[in-house]
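First the structure, in the form of structure tokens, and then the observations on it.
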Amino acid sequence: MHEIGIAASILDAVRSELAQRPGSRARIVGLRIGELAGVDPESLRFGFDALVQDSELAPLQMDVEWAAGDELDLVYIDLEDP
Numbered sequence: 003m004h005e006i007g008i009a010a011s012i013l014d015a016v017r018s019e020l021a022q023r024p025g026s027r028a029r030i031v032g033l034r035i036g037e038l039a040g041v042d043p044e045s046l047r048f049g050f051d052a053l054v055q056d057s058e059l060a061p062l063q064m065d066v067e068w069a070a071g072d073e074l075d076l077v078y079i080d081l082e083d084p
């Protein structure tokens, strides 16, 4: 299940962004995933939620925009400033 690896990479990117903005909290991470990207949405959601639960990122949410191509992009990270 490569979706766990995708979820872990997303969270690494969020942590990297937060390291550049001390005191901020991430609220929502937005993704664009193409239908041809080979990503199972339920597995990605499960993996993301499992990794976020009981972490310093909780209650981070994931917003997915589905597209027609094969893209898999982190589109935005919604931050709450201190």
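For the sequence shown, the positions run 3 to 84 when our numbering is used.
The beta-carbon is built from N, C-alpha and C at its ideal position, and this holds for glycine as well.
Predicted, not measured: the structure shown is a model, and the values here were computed from it.
Collapsing the DSSP output to three states places Glu19 in a helix. Residue state for Val41 is assigned as coil, using DSSP reduced to three classes. Judged by DSSP secondary structure, Leu33 falls within the beta strand (DSSP E) whose first and last residues are 27 to 36. Bounds of the beta strand (DSSP E) holding Leu81 are 74 to 82. Taking a C-beta distance under 9 Å as the contact criterion, Leu76 and Gly32 qualify as a contact pair.
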